[in-house]
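In order, the protein sequences belong to chains U and Z. Using our numbering, read the first sequence as starting at 294 and increasing by one per residue. Using our numbering, read the second sequence as starting at 51 and increasing by one per residue. Note that CB positions come from ideal geometry on N, CA and C, so glycine has one too. Below is one structure, written out as structure tokens; the observations come after it.
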Amino acid sequence: MSDPPASAPTLIHAASVEDFRQALREHESVLTIGNRTKWPLSQASPATCFVSTRDLSGIVQYEPSEFTFTARAGTTVAEISDALAAKDQYLPFDPPLSRAGATLGGTLAAGLSGPGRHRYGGVRDFVLGVEFLTGDGQLIHGGGKVVKNAAGFDLPKFLVGSCGRLAAITELTFKVFPRPVAWQTFQIDCPDHVAAAETIALVARQRWELDAIDYRANQKSVWLRLGGEEDVLQRIGDDILRSIPNQEVQRIDRMQAAEQWQTLGELRFAAAELDCVAKIPLTLESMKRLATWCDERPWMTQLHTSGAGSVGWLAFGSQQASEIDDALRAMELVGLVVIGPEGQPGGRTVPCRLGQWTTSKVEAALKHAMDPVGRFPGMGE
Amino acid sequence: MTSVDLEGLARRLPAGRVHEDPAWQAVFESDGLTAFRQHPRGVVIPQSQQEVIDIVRWCHEVGMPFVARGSGTSLSGGSLPVADGIVISLNRMRRILQMDPDNRTAVVEPGVVNLEVSRQAAAHGLYFAPDPSSQKICTIGGNIAFNSGGAHCLKYGMTSNHVLGMKVVTASGELVTLGGPSVESVGPDYTGLFVGSEGLFGIALEITLRLLPKPECFHTVLVGYRSLRAAGEAVSAVIDSGLLPGAMEIMEALAIQAAEAAVDCGYPEGAAAVLIVELEGPAERIESERRQLEAVIEQTDAFASVVAADEVQRAAIWAGRKSAFSAVGKLSPDFLVQDGVVPRKRLGEALERIEAFGKESGLRVANVFHAGDGNLHPLILFDDSKPGELERAEALAGRILRLCIEMGGSITGEHGVGMEKRAYLPEMYDEPTMGLMHRLRAAFDPKQISNPGKMFPGAEAPALQSHGLHPLEKAGVIFRE
Ligand SMILES: Cc1cc2nc3c(=O)[nH]c(=O)nc-3n(C[C@H](O)[C@H](O)[C@H](O)COP(=O)(O)OP(=O)(O)OC[C@H]3O[C@@H](n4cnc5c(N)ncnc54)[C@H](O)[C@@H]3O)c2cc1C
Ligand SMILES: Cc1cc2nc3c(=O)[nH]c(=O)nc-3n(C[C@H](O)[C@H](O)[C@H](O)COP(=O)(O)OP(=O)(O)OC[C@H]3O[C@@H](n4cnc5c(N)ncnc54)[C@H](O)[C@@H]3O)c2cc1C
Chain U
294 MSDPPASAPT LIHAASVEDF RQALREHESV LTIGNRTKWP LSQASPATCF
344 VSTRDLSGIV QYEPSEFTFT ARAGTTVAEI SDALAAKDQY LPFDPPLSRA
394 GATLGGTLAA GLSGPGRHRY GGVRDFVLGV EFLTGDGQLI HGGGKVVKNA
444 AGFDLPKFLV GSCGRLAAIT ELTFKVFPRP VAWQTFQIDC PDHVAAAETI
494 ALVARQRWEL DAIDYRANQK SVWLRLGGEE DVLQRIGDDI LRSIPNQEVQ
544 RIDRMQAAEQ WQTLGELRFA AAELDCVAKI PLTLESMKRL ATWCDERPWM
594 TQLHTSGAGS VGWLAFGSQQ ASEIDDALRA MELVGLVVIG PEGQPGGRTV
644 PCRLGQWTTS KVEAALKHAM DPVGRFPGMG E
Chain Z
51 MTSVDLEGLA RRLPAGRVHE DPAWQAVFES DGLTAFRQHP RGVVIPQSQQ
101 EVIDIVRWCH EVGMPFVARG SGTSLSGGSL PVADGIVISL NRMRRILQMD
151 PDNRTAVVEP GVVNLEVSRQ AAAHGLYFAP DPSSQKICTI GGNIAFNSGG
201 AHCLKYGMTS NHVLGMKVVT ASGELVTLGG PSVESVGPDY TGLFVGSEGL
251 FGIALEITLR LLPKPECFHT VLVGYRSLRA AGEAVSAVID SGLLPGAMEI
301 MEALAIQAAE AAVDCGYPEG AAAVLIVELE GPAERIESER RQLEAVIEQT
351 DAFASVVAAD EVQRAAIWAG RKSAFSAVGK LSPDFLVQDG VVPRKRLGEA
401 LERIEAFGKE SGLRVANVFH AGDGNLHPLI LFDDSKPGEL ERAEALAGRI
451 LRLCIEMGGS ITGEHGVGME KRAYLPEMYD EPTMGLMHRL RAAFDPKQIS
501 NPGKMFPGAE APALQSHGLH PLEKAGVIFR E
């Protein structure tokens with residue numbers, strides 16, 4: 294470990310739990326980071342010591358016949374996906390930013406799931422166990438390593454979305470599923486957001502077991518993704534083409550579809566000048582409102598939703614952050630900015646929380662329970 | 051003895067909410083784990099969220115312990131009253147406040163019965179996936195507290211995977227909203243933390259549930275094996291083939307015999323074990339997957355195989371399985387049931403060890419289990435009227451729990467720790483982890499008044515008595531898996 298130059302924040306590459314512990318002992322403020330894929334989430338004051346999990350990486354155990362694996366927090370999602378694919382398995386929730394180098398710890402801590410969360414659930418629904426350090430350096434083992442476990446409080450779920458502010462995660466155990474052999478994507482072009490919301494509600498209730506139901510709001514097109522054996526895709530696909538009244542449905546060429554999902558998975562679906570992306574929990578009602586608001590500002594916003602209208606990915610320009618903030622407040626929505634312009638270490642480029650965040654006494658008490666010495670900075674600090 | 055008078059509470063509530071007479075105390079003295087009995091100080095039956103909030107705030111002010119109670123079907127003593135505390139019975143709060151077919155969610159009060167949600171959702175082609183076998187009677191509040199499961203956990207997860215948000219009054223009287231109406235949220239997953247907290251954090255007042263489209267088709271197969279090991283290997287073969295069945299269940303000989311005697315289910319004669327595999331989904335998918343399943347089963351050491359041709363035959367296959375517990379209960383005056391989990395590939399080994407433990411203690415053990423997720427349900431048969439049998443049964447149960455821990459599994463897959471397994475939680479989690487759980491509990495409940503004495507070892511337990519069927523099982527109202 295080395296002393297930082299007077300002004301620049303310290304960066305440590307922890308290669309072991311002990312390195313993490315030492316950082317927690319020696320620094321007043323500590324924030325864990327993965328591979329810099331979600332910059333805005335780890336903005337903190339220059340006094341913060343950033344502990345990177347880059348060297349805390351590797352799959353510890355993978356048991357295909359148990360549907361489980363355990364890996365260190367800094368293992369990239371890409372490495373895991375490759376290992377799983379070799380055994381025809383996958384994480385069905387499409388962890389975002391995989392190409393960019395997202396880590397497993399960062400994915401869980403940021404609480405991000407992609408389009409595939411629609412069918413079987415998101416990162417919260419697949420995490421089984423977690424090893425982490427509390428602010429006072431205690432090594433905790435929460436959850437378990439088997440697919441079913443109801444003993445004790447559900448610590449793995451608690452850390453989903455905690456953004457490094459409650460714990461430093463060192464190792465994770467996940468459930469995995471068998472991977473479909475192929476996918477087919479369908480596109481339904483709708484006249485307006487109301488029709489789109491109706492279409493989404495309709496297809497989400499059908500018998501088809503769709504993997505993903507997404508909506509590209511500026512194009513008013515609904516995307517459906519179905520996974521399975523070729524003949525199943527063909528036959529259910531025929532039924533989908535038949536079953537949607539008044540709307541034109543088309544099968545999308547596989548290569549083109551793969552690229553679309555890929556671009557979305559990297560959260561690069563908007564024009565480059567829209568340099569921020571916020572995650573916004575939605576319902577179909579609020580999706581329509583937000584989409585309509587965006588229609589009036591096409592130069593500064595672009596909205597994509599996943600999970601049958603339940604989560605919005607709003608791309609916007611960093612200059613417009615405060616306008617977005619006001620709009621979300623007015624709509625009683627919250628946003629977490631996960632992509633933003635990278636600044637100088639110790640600097641700040643964009644607020645990571647937009648809209649109507651609320652806090653409660655019990656949240657503060659829980660933070661204190663996880664971090665009695667106040668090592669982990671708050672989200673706004 | 052607390053010196054606090056329940057009069058103070060009664061004054062804050064409409065008349066007729068607080069009951070202190072012995073008849074009421076007796077009704078609530080025990081839950082699904084009839085081994086423990088404890089008269090509460092009183093029973094309070096609120097009719098609205100505000101009344102629950104008022105009660106909890108009063109408890110916090112005066113330091114009165116309370117136990118939230120749904121239908122009292124907990125199998126681990128979770129809803130057992132505490133001495134000198136009150137029971138807050140939530141059964142009157144059973145309104146479904148909103149059914150939203152477009153977003154596929156339902157907002158319910160905690161006293162709503164599990165199956166009622168699916169009944170109401172059926173009109174929209176939807177259902178609530180968690181299906182504990184007590185679903186005709188257990189409440190959503192109880193499901194939340196225990197993160198309850200059922201036969202379909204491998205594919206769809208437990209209760210927690212189907213809860214989006216809730217309104218909660220914490221044990222310190224704070225009213226908070228966790229999660230929200232969407233399946234996604236931002237910030238720490240407080241909803242995920244609350245589910246499975248066994249009533250130690252406070253009371254859920256309003257819960258937003260996720261609903262799923264009802265599966266179009268089921269394909270149910272019953273396969274007979276000459277050995278338990280062969281059945282266990284078949285489970286691994288199914289998993290390795292890339293299939294993801296909705297349910298995979300195994301019953302072994304003693305349980306099969308009992309079920310035959312009880313419901314005449316017509317399982318393959320002479321089977322040492324039967325395996326039930328159920329695929330579910332759209333017709334096109336099932337058609338393809340059933341061929342795959344047939345090929346896999348053919349490769350296993352099966353001697354008989356029955357495919358349900360229609361809904362009646364499917365129900366017949368499940369009847370044997372669903373009746374197994376109560377049927378085994380009839381073989382013996384008393385029984386104990388555990389629900390530990392082991393890694394799936396070690397199921398065979400675990401069952402052999404359990405059999406050996408049984409022989410050593412001179413007690414019979416019947417096994418029925420959720421094989422797909424390694425969730426054992428060993429039933430230890432004994433006769434409480436014979437001196438020492440209860441103690442031997444308890445000791446055997448303890449050995450099984452330790453075996454699950456040793457194999458890298460869990461002491462409970464769905465019934466929760468409650469009163470029953472609290473001594474074993476520190477064997478599963480190390481000291482710092484236990485310490486953190488105490489700290490988290492204190493964040494919600496600094497005075498330790500919400501369901502004290504459960505989950506964590508320490509407090510005095512009422513004496514063990516007998517172990518038998520839940521009164522409602524005896525009456526044939528509910529069955530367990
Ligand atoms: C030398 C250096 C100095 C930096 N200085 C600053 C600075 O002064 N100001 C500033 O704003 N940013 C600073 N950063 C942050 C950096 O640019 C990225 O924003 C950061 O690495 C983001 O990580 P990520 O995208 O991989 O996110 P992920 O790794 O995907 O992480 C996303 C979220 O998860 C949390 N997280 C990740 N892994 C874990 C884990 N194992 N346990 C618990 N939580 C976890 C993170 O804290 C973050 O909230 C600095 C980074 C470096 C390398
Ligand atoms: C025959 C039988 C079969 C069963 N089968 C299964 C099965 O297949 N799978 C399974 O998982 N379980 C099963 N169980 C166990 C039991 O039914 C479940 O644990 C169920 O969820 C309990 O619900 P309840 O309403 O009876 O809760 P109760 O027993 O009344 O309470 C259980 C716990 O929940 C707490 N609680 C209740 N309401 C609230 C609330 N609103 N907020 C906070 N805490 C609350 C209580 O304090 C208590 O700790 C079975 C039980 C029986 C008797």
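Cβ-heavy atom distance, residue i to ligand 2, below 7 Å
{"i": "Z/H202", "result": "no"}
{"i": "Z/E70", "result": "no"}
{"i": "Z/L81", "result": "The sequence shown places Asp at residue 81 of chain Z, not Leu. Yes, Cβ of Z/D81 sits closer than 7 Å to a heavy atom of ligand 2."}
{"i": "Z/H465", "result": "yes"}
{"i": "Z/N501", "result": "yes"}
{"i": "Z/K372", "result": "no"}
{"i": "Z/L140", "result": "yes"}
{"i": "Z/C188", "result": "yes"}
{"i": "Z/A221", "result": "no"}
{"i": "U/E462", "result": "Inspection of the sequence shows that residue 462 of chain U is occupied by Ile rather than by Glu. No - ligand 2 has no heavy atom lying nearer than 7 Å to the Cβ of U/I462."}
{"i": "U/L334", "result": "no"}
{"i": "Z/L125", "result": "yes"}
Interface partners of residue i on chain U, CB under 9 Å
{"i": "Z/K395", "result": "E356, S358, E359"}
{"i": "Z/F268", "result": "Residues of chain U passing the Cβ test: none, with the nearest at roughly 12 Å."}
{"i": "Z/H174", "result": "R498"}
is_contact[residue i, chain U] using C-beta, thresh 8 Å
{"i": "Z/R335", "result": "yes"}
{"i": "Z/A450", "result": "Just to set this straight, residue 450 of chain Z is Ile in the shown sequence, not Ala. Judged by the 8 Å Cβ criterion, Z/I450 is not in contact with chain U."}
{"i": "Z/Y177", "result": "no"}
{"i": "Z/L426", "result": "no"}
{"i": "Z/G379", "result": "no"}
{"i": "Z/E441", "result": "no"}
{"i": "Z/E531", "result": "Note that Z/E531 scores 48 on pLDDT, short of 50, meaning its location in the model is unreliable; the coordinates nonetheless yield the value given after this. False, the Cβ-Cβ gap to chain U never drops below 8 Å."}
{"i": "Z/S210", "result": "yes"}
{"i": "Z/S338", "result": "yes"}
Interface flag, residue i vs chain Z, CB-CB below 8 Å
{"i": "U/Q499", "result": "yes"}
{"i": "U/S536", "result": "no"}
{"i": "U/D664", "result": "no"}
{"i": "U/I545", "result": "no"}
{"i": "U/K331", "result": "no"}
{"i": "U/F313", "result": "no"}
{"i": "U/G398", "result": "no"}
{"i": "U/V310", "result": "no"}
{"i": "U/D418", "result": "yes"}
Under 7 Å from the C-beta of residue i: neighbouring residues of chain Z
{"i": "U/L659", "result": "L490, A493"}
{"i": "U/L432", "result": "P482"}
Beta-carbon neighbours of residue i, restricted to chain Z and to distances below 9 Å
{"i": "U/V630", "result": "The premise fails here: U/V630 is roughly 10 Å from chain Z at the closest Cβ pair, so nothing lies under 9 Å."}
{"i": "U/G327", "result": "Those do not exist, as U/G327 stays about 17 Å from chain Z at its closest Cβ, beyond 9 Å."}
Interface residues of chain U facing residue i [CB-CB closer than 7 Å]
{"i": "Z/D152", "result": "A494, L577"}
{"i": "Z/M487", "result": "G445, F446"}
Contacts of residue i in chain B (Cβ-Cβ under 7 Å)
{"i": "U/L459", "result": "Protein chains U and Z are contained in the structure displayed, whereas chain B is not."}
Residue i Cβ short of 7 Å to ligand 3 heavy atom set
{"i": "Z/R145", "result": "Here the bound small molecules are ligand 1 and ligand 2; ligand 3 is not part of this structure."}
Query raised in the report: Using 8 Å as the Cβ pair cut-off and three pairs as the minimum, do the region 337-346 of chain U and the region 305-315 of chain U touch?
Result: A contact between stretches requires three or more CB pairs, one per stretch, nearer than 8 Å, and the region 337-346 of chain U meets this requirement with the region 305-315 of chain U.
Report task. Determine, using beta-carbon pairs with one atom in the region 467-476 of chain Z and one in the region 396-412 of chain Z, whether at least three such pairs fall under 8 Å. Result -> Output reads no: the region 396-412 of chain Z does not touch the region 467-476 of chain Z.
Query raised in the report: Of the residues that make up the region 378-389 of chain U, which ones have a beta carbon closer than 8 Å to any beta carbon in chain Z?
Result: D381
**Report entry** Where the region 571-604 of chain U meets chain Z: residues whose CB sits under 7 Å from a CB there
**Finding:** K572, P574, L575, T576, L577, G600, S603, V604
Query raised in the report: Between the region 446-474 of chain Z and chain U, which residues of the former have CB atoms less than 8 Å from a CB of the latter, in chain order?
Result: G458, G459, S460, I461, T462, G463, E464, H465, G466, V467, K471
Report task. Please confirm if the region 459-471 of chain U is in contact with the region 507-525 of chain U, defined as three or more CB-CB distances below 8 Å between the two stretches. Result -> Taking one beta carbon from each stretch, the region 459-471 of chain U and the region 507-525 of chain U have fewer than 3 pairs nearer than 8 Å; the two do not touch.
Report task. Count the CB pairs spanning the region 231-241 of chain Z and the region 261-280 of chain Z that are closer than 8 Å, and state whether there are at least three. Result -> These segments do not touch.
Query raised in the report: Which residues, in chain order, does the region 498-521 of chain U contribute to contact with chain Z at a C-beta distance below 9 Å?
Result: Within the region 498-521 of chain U, those residues whose Cβ lies closer than 9 Å to any Cβ of chain Z are, in chain order, R498, Q499, R500, W501, E502, G521.
Query raised in the report: Quick check: the region 435-453 of chain Z against the region 335-344 of chain Z, are there 3 or more CB pairs under 8 Å?
Result: no
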